[in-house]
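Enquirer:
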Amino acid sequence: MNLLDKIVFFFYNLTVAFLAVLFMIISLNLIPISMIGEYFHQLYNSPWQSVVSNVVIGLIFFIFSLRFIFMNTKKTRKSDNRAAITQSTEVGEIRISIEALETMAERVGRQIIGVRELNAKVIPTETGAKVAVKVSLDPETNIPETMTLLQVNVKEYVEGFSGISIDKVLVVVKDVLPKAVNQRSPLK
Numbered sequence: 074m075n076l077l078d079k080i081v082f083f084f085y086n087l088t089v090a091f092l093a094v095l096f097m098i099i100s101l102n103l104i105p106i107s108m109i110g111e112y113f114h115q116l117y118n119s120p121w122q123s124v125v126s127n128v129v130i131g132l133i134f135f136i137f138s139l140r141f142i143f144m145n146t147k148k149t150r151k152s153d154n155r156a157a158i159t160q161s162t163e164v165g166e167i168r169i170s171i172e173a174l175e176t177m178a179e180r181v182g183r184q185i186i187g188v189r190e191l192n193a194k195v196i197p198t199e200t201g202a203k204v205a206v207k208v209s210l211d212p213e214t215n216i217p218e219t220m221t222l223l224q225v226n227v228k229e230y231v232e233g234f235s236g237i238s239i240d241k242v243l244v245v246v247k248d249v250l251p252k253a254v255n256q257r258s259p260l261k
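In my numbering, the protein residues as written are 74 to 261.
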C-alpha cells in the first residue's frame, strides 16, 4: 500500500468511524427523531447542485470501497504464490513450499563441521531461488573454506532433492561463538 492509499484509507476509516458514532447516538435517542427527519426532508428537497454533490461523494466512497476490497484480495493471492515455488513437469505442476526448501538448506548446513548455528531464508527468483544463510561458527574455524563448502553443499543438496535451480547461496557469518565451557571446573 503506497502513501496515497494509506492517507485515503485513514480518512475513509475516520469517516466510517464518525458514521458509526452517529449511528450509536441516533440509536440511543440522543438526537430527536424530528431532527433526523428534517435533515432527510431537506436532503430530498434540495436543489440539483447539492444532489449532484451528494451523489459524487457517495460514488467516491463506493469506488474507494471497491479499491480496498480488490487491494486486499490481490495481496492475498500474491502471498499465496510467494509461499511456494512452482515447477512444471511433463505430468503437471509441483509446488514446493519456501519453508520446505529452508528446512533442506538448514539440515545440510548444520552437518558441516564448524557450523554451530544456522538460519536459512529462500528467496524466489524468476529462474529458481536464492538461498541466504546466516551462520555462527565455532572458534578457530577456517571461514573461507567452511563457507565455500557450505555454499556448495547447500546448492547441491537443495537442487538435488527439490529439482529447483539455486542461483546463488549468499552467506553471512553472524558470529564466531566462544568454545563451550565445561559445566564443572577442575578441582584444585
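A virtual CB, placed ideally from N, CA and C, is assigned to each residue, including glycine.
This one's a predicted model, so the numbers in the text were calculated from it and none came from an experiment.
Evaluate F83 with the Cβ neighbour count: other Cβ atoms within 10 Å of its Cβ, from every protein chain shown; 16 or more gives buried, anything less gives exposed.
Expert: It is exposed - the Cβ of F83 has fewer than 16 other Cβ atoms within 10 Å.
Enquirer: In chain order, what residues of the same chain lie with their CB nearer than 7 Å to the CB of G187, ignoring the 5 residues before and after it?
Expert: Only L210, D211, T214, T219 meet the Cβ criterion.
Enquirer: Between the stretch 181-200 and the stretch 227-234, can you find at least three pairs of beta-carbon atoms closer than 8 Å?
Expert: With the cut-off at 8 Å, the stretch 227-234 and the stretch 181-200 touch.
Enquirer: Which parts of the stretch 113-171 are runs of the beta strand (DSSP E), unbroken and 3 residues or longer, counting only runs that do not cross its ends?
Expert: Qualifying beta strand (DSSP E) stretches, in chain order: 157-161, 166-170.
Enquirer: Measure from the alpha carbon of A156 to the alpha carbon of each residue in A173, F141, V164, V206, then state which is nearest.
Expert: Comparing Cα-Cα distances from A156 to each of A173, F141, V164, V206, the minimum goes to A173.
Enquirer: Which residues share a DSSP beta bridge with E190?
Expert: Its beta-bridge partners are S209.
Enquirer: Taking only three categories from DSSP, how would you classify K228?
Expert: K228 falls in the helix class under three-state DSSP.
Enquirer: Across which residues does DSSP place L77 in a beta bridge pair?
Expert: Looking at the DSSP assignment, L77 forms no beta bridge with any residue, so it has no partner.
Enquirer: Does DSSP put L243 in a helix, in a strand, or in coil?
Expert: The answer is strand: DSSP assigns L243 an E or B state.
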